[in-house]
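Right, one structure below, let's go through it.
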Amino acid sequence: MANIFDYLKWRGDILFNQVEINDVDSLILCRLSYIEFDNIVPEFGIEKAIPLSQAVKSYLKLVTQGKTTPLQNEDIEFLKELMISPRFKDKLLYNYVNKIDADKQLQFSAVTIQLEKDTTYIAFRGTDNTLIGWKEDINMGFLPSVPAQLEAVEYLKNISATTAGRLYVGGHSKGGNLAVYSSSYIDKATQDRIVFVYNNDGPGFNDGVIKSTGYARIINKIKTFVPQSSVVGMLLGHEEKYKVIHSSNSGIMQHDLYSWDVLGNSFCLLENVDNSSKFIDKTLKEWVSNMSITQREQFFDALFQIISSTKATTMKELRTNWFENTGVLLKTIKNTNEETKRLISKTLFILFTSAKNSLPEIVNNAGKDNIGIVIQKSKTY
756 MANIFDYLKW RGDILFNQVE INDVDSLILC RLSYIEFDNI VPEFGIEKAI
806 PLSQAVKSYL KLVTQGKTTP LQNEDIEFLK ELMISPRFKD KLLYNYVNKI
856 DADKQLQFSA VTIQLEKDTT YIAFRGTDNT LIGWKEDINM GFLPSVPAQL
906 EAVEYLKNIS ATTAGRLYVG GHSKGGNLAV YSSSYIDKAT QDRIVFVYNN
956 DGPGFNDGVI KSTGYARIIN KIKTFVPQSS VVGMLLGHEE KYKVIHSSNS
1006 GIMQHDLYSW DVLGNSFCLL ENVDNSSKFI DKTLKEWVSN MSITQREQFF
1056 DALFQIISST KATTMKELRT NWFENTGVLL KTIKNTNEET KRLISKTLFI
1106 LFTSAKNSLP EIVNNAGKDN IGIVIQKSKT Y
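Heads up, the sequence shown is in this note's numbering, so the first residue is 756 and it goes up one at a time.
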């Protein structure tokens, strides 16, 4: 199957004023938001914007000098393809923001891309490699809003106030959540300018967001995509329809957008998510419903405090020193007070019970699913 690299080779010579932005273009721009353009792409104003090719050239130079490391190995090939693609290379990048604040439990980054003079794309970064980023994701399960969501609203307000014409808003993983959240809590005039909001395997929302007037106004503009074994995209609540993309990876690794199969200018679509995704979805929703918001907060705070005892600040550090960190974790758990131990044990018991309750229904329905690749262009939302 083809992927976004094949798409860039096939469609990369056709300009946006010849063929408008499509779902695959959006995914490419969402991946661009993961690139650390610190001190390369300006923070403020279209007047200081730089072409994508120039930004990529500067970034790759830093990689060669060992001053930065891409989040994924595929990013290097991806950027090299972008910087020679007539479709993308001259697009202007600006308003790059990258904020990490451990005290506020905030991880937020975004970049704006001018596709045409009257067309702007706002791309929100998903969760990065920092443990703070992962903790903020967890906080979505019990807080009305998290700092990154509020930052996203302010960011979109700023772009709306300083641009004219059509807006596209998107992101992958948490970035997709931020795209939908910010578009839901922006003023109606800006909502009217938004063509589509892209949520690529991003977590859903609590009832407060789903039942909001702003969400109702944009729900028909939301394009949500998940891979067949989606885990992240099944978290929390979704009222909008979603489409299922075939991924060449397995399990949780399907979250990697480089593994998503492309067909022409759209995706290879399936009729439904697979049974593993349904099982996880049903289990987690039952688990959450059996705990109060306070219980959820206490459990995840305790869990994060235990992980923090390793002094690791990124997932990479946690994995790299896994032997030493495992010892620290076990020691911390052993020394944890009895009340916290009971909280963790009770919460995990609820999780395992939820999994046990979900399994029979999934097994009984196995084989009833008609899951096949839809070899046709994605239908218009």
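Don't be surprised by glycine CBs; every beta carbon is placed ideally from N, CA and C.
Please say whether I783 and L870 have beta carbons closer to each other than 9 angstroms?
-> Numbered from 1 along the sequence shown, position 115 holds the residue referred to as residue 870. Numbered from 1 along the sequence shown, position 28 holds the residue referred to as residue 783. Contact flag unset, no.
To the nearest angstrom, report how far apart S781 and N1092 are at their CA atoms.
-> The residue labelled residue 781 in the question sits at position 26 within the sequence shown. The residue labelled residue 1092 in the question sits at position 337 within the sequence shown. Take the alpha-carbon of S781 and the one of N1092: they are about 48 angstroms apart.
If you compare alpha carbons, which of E1026, S938 and S808 is closest to R972?
-> Position 217 of the sequence shown holds residue 972. Considering only alpha carbons, the answer is S938.
Under a three-way DSSP split, which group does T918 fall into?
-> Here residue 918 is taken as the residue at index 163 of the sequence shown, counted from 1. In the structure shown, T918 adopts coil according to DSSP, grouped into three states.
Residues bridged to S928 [DSSP beta-bridge criterion] | Translated into positions along the sequence shown, residue 928 becomes position 173. Beta bridge pairing from DSSP links S928 with no other residue.
Hey, out of D942, I941 and K803, whose CA is closest to L848's CA?
-> Position 93 of the sequence shown holds residue 848. Looking at the Cα atoms, K803 is the closest of the given residues.
Flag this pair as yes or no: are the beta carbons of Y851 and F792 separated by less than 9 angstroms?
-> Counting from 1 along the sequence shown, the entry for residue 851 is found at position 96. Counting from 1 along the sequence shown, the entry for residue 792 is found at position 37. Yes.
Kindly list the residues whose CB is nearer than 7 angstroms to the CB of D778, restricted to its own chain and excluding five residues on each side of it in sequence; keep chain order.
-> Translated into the one-based positions of the sequence shown, residue 778 becomes position 23. Here the set comprises K978, S1021, F1022 and S1133.
Exposed or buried, what is L1012 when buried is set at 16 or more other beta-carbons lying within 10 Å of its beta-carbon?
-> In the sequence shown, counting from the first residue as 1, residue 1012 sits at position 257. Taking a 10 Å sphere around the C-beta of L1012, we find 16 or more other C-beta atoms and assign the residue as buried.
Out of curiosity, what's the CA-to-CA distance linking T874 and E798?
-> Taking the first residue of the sequence shown as position 1, residue 874 is located at position 119. Taking the first residue of the sequence shown as position 1, residue 798 is located at position 43. Roughly 19 angstroms separates the two Cα atoms.
Kindly give me the distance between the Cβ atoms of K976 and V952, rounded to whole angstroms, as I take these residues to be in contact under 8 angstroms.
-> Translated into positions along the sequence shown, residue 976 becomes position 221. Translated into positions along the sequence shown, residue 952 becomes position 197. Right, their Cβ atoms sit about 5 angstroms apart.
Would you kindly check if the distance between the Cβ of G957 and the Cβ of G931 is under 9 angstroms?
-> Counted from its first residue, the sequence shown places residue 931 at position 176. Counted from its first residue, the sequence shown places residue 957 at position 202. It is a contact, given that the beta carbons lie within the stated cut-off.
Nearest-angstrom Cα distance between E1094 and K966?
-> Here residue 1094 refers to the residue found at position 339 of the sequence shown. Here residue 966 refers to the residue found at position 211 of the sequence shown. The C-alpha of K966 is placed about 36 angstroms away from the C-alpha of E1094.
Leaving out five residues on either side along the sequence, give the residues of the same chain with a beta carbon under 6 angstroms from the beta carbon of S813.
-> Here the question's residue 813 lines up with position 58 in the sequence shown. Excluding sequence neighbours, S813 sits near I795.
Return helix, strand or coil for F833, following the three-state DSSP convention.
-> The residue given as residue 833 occupies position 78 in the sequence shown. F833: helix per DSSP, three-state reduction.
Under 6 angstroms Cβ to Cβ from S984, same chain only, skipping five residues before and after it: list those, please.
-> On the sequence shown, position 229 is the one that residue 984 refers to. So the list reads G1006, Q1009, D1029, S1031 and S1032, once near-sequence residues are dropped.
Could you say which of G959, Y923, F960 and K943 lies nearest to I949 if we only look at CA atoms?
-> Residue mapping note: residue 949 aligns to position 194 of the sequence shown, counting from 1. For I949, the nearest C-alpha among the options comes from Y923.
K764 versus I877 - alpha carbon distance = Taking the first residue of the sequence shown as 1, we reach residue 764 at position 9. Taking the first residue of the sequence shown as 1, we reach residue 877 at position 122. It is roughly 24 angstroms from the alpha-carbon of K764 to the alpha-carbon of I877.
According to the Cβ coordinates, are F833 and R880 closer than 9 angstroms?
-> In the sequence shown, counting from the first residue as 1, residue 833 sits at position 78. In the sequence shown, counting from the first residue as 1, residue 880 sits at position 125. Cβ distance not < 9 angstroms, so F833 and R880 don't count as in contact.
With which residues is V852 paired in a DSSP beta bridge?
-> Taking the first residue of the sequence shown as 1, we reach residue 852 at position 97. Paired residue(s): A865.
To the nearest angstrom, how far is it from the Cα of K1137 to the Cα of I941?
-> Past the edges of the chain, shown from 756 to 1136, lies residue 1137, and the structure says nothing about it.
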